[in-house]
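**Q** In the working numbering, the protein residues as written are 10 to 106.
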Amino acid sequence: MFKILFVEDDKTAVVEAKDLLESSGKHSCEICGFKEAEDYIRNISPDVIVLDLLEGGTTSELKQPGRETLDQIWQMRFCPIVFYSAAPEYLDDDKRV
Numbered sequence: 010m011f012k013i014l015f016v017e018d019d020k021t022a023v024v025e026a027k028d029l030l031e032s033s034g035k036h037s038c039e040i041c042g043f044k045e046a047e048d049y050i051r052n053i054s055p056d057v058i059v060l061d062l063l064e065g066g067t068t069s070e071l072k073q074p075g076r077e078t079l080d081q082i083w084q085m086r087f088c089p090i091v092f093y094s095a096a097p098e099y100l101d102d103d104k105r106v
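1) Please list the segments of the beta strand (DSSP E) lying wholly inside the stretch 18-83, counting only runs of 3 or more residues, in order along the chain.
2) How long is the line joining the alpha carbons of residue 100 and residue 83, rounded to whole angstroms?
3) Going along the chain, which residues of its own chain have a beta-carbon closer than 8 Å to the beta-carbon of residue 105, five neighbours each way excluded?
4) If you draw a straight line from the alpha carbon of residue 37 to that of residue 20, how long is it in whole angstroms?
5) Residue 57 and residue 88: beta carbons closer than 8 Å?
6) Spatial neighbours of residue 78 within its chain, please: C-beta separation below 7 Å, excluding the five flanking residues on both sides.
7) Take residue 31 and list the residues in its own chain whose beta-carbon comes closer than 6 Å to its own, dropping the five residues that flank it on each side.
8) Taking residue 98 as the reference, which of 75, 10, 55 has the closest Cα?
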């Protein structure tokens, strides 16, 4: 079974994708918030991680915990990462090259 982890502060944003993937019987999906991501990555060893970058959408008090989560993923688990975010331009990818 292919394991997918969604890291998203608004779980309702990805529950439809989770349900669709699991309906095939070939995927096992989990959804967690940013604070729980490290434990989920360690415990389930996902094959793919779908990562949001922002907490709370694009409000004036923008928080970007997805960047810290990305660093945790790079240190703990080699796997594909799909960015699912309202503001992908906040991703600083040049330091990974």
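Where a beta carbon is used, it is the ideal one built from N, C-alpha and C, also for glycine.
**A** Straight from the coordinates:
1) 36-41, 57-60
2) 14 Å
3) Confidence in residue 105 is poor, its pLDDT being 46 and thus under 50, which makes the residue's placement unreliable; the coordinate value appears in the next sentence. Closer than 8 Å at the Cβ level, and outside the excluded window around residue 105, lie 83.
4) 16 Å
5) yes
6) 16, 43, 46, 60
7) 38
8) 75
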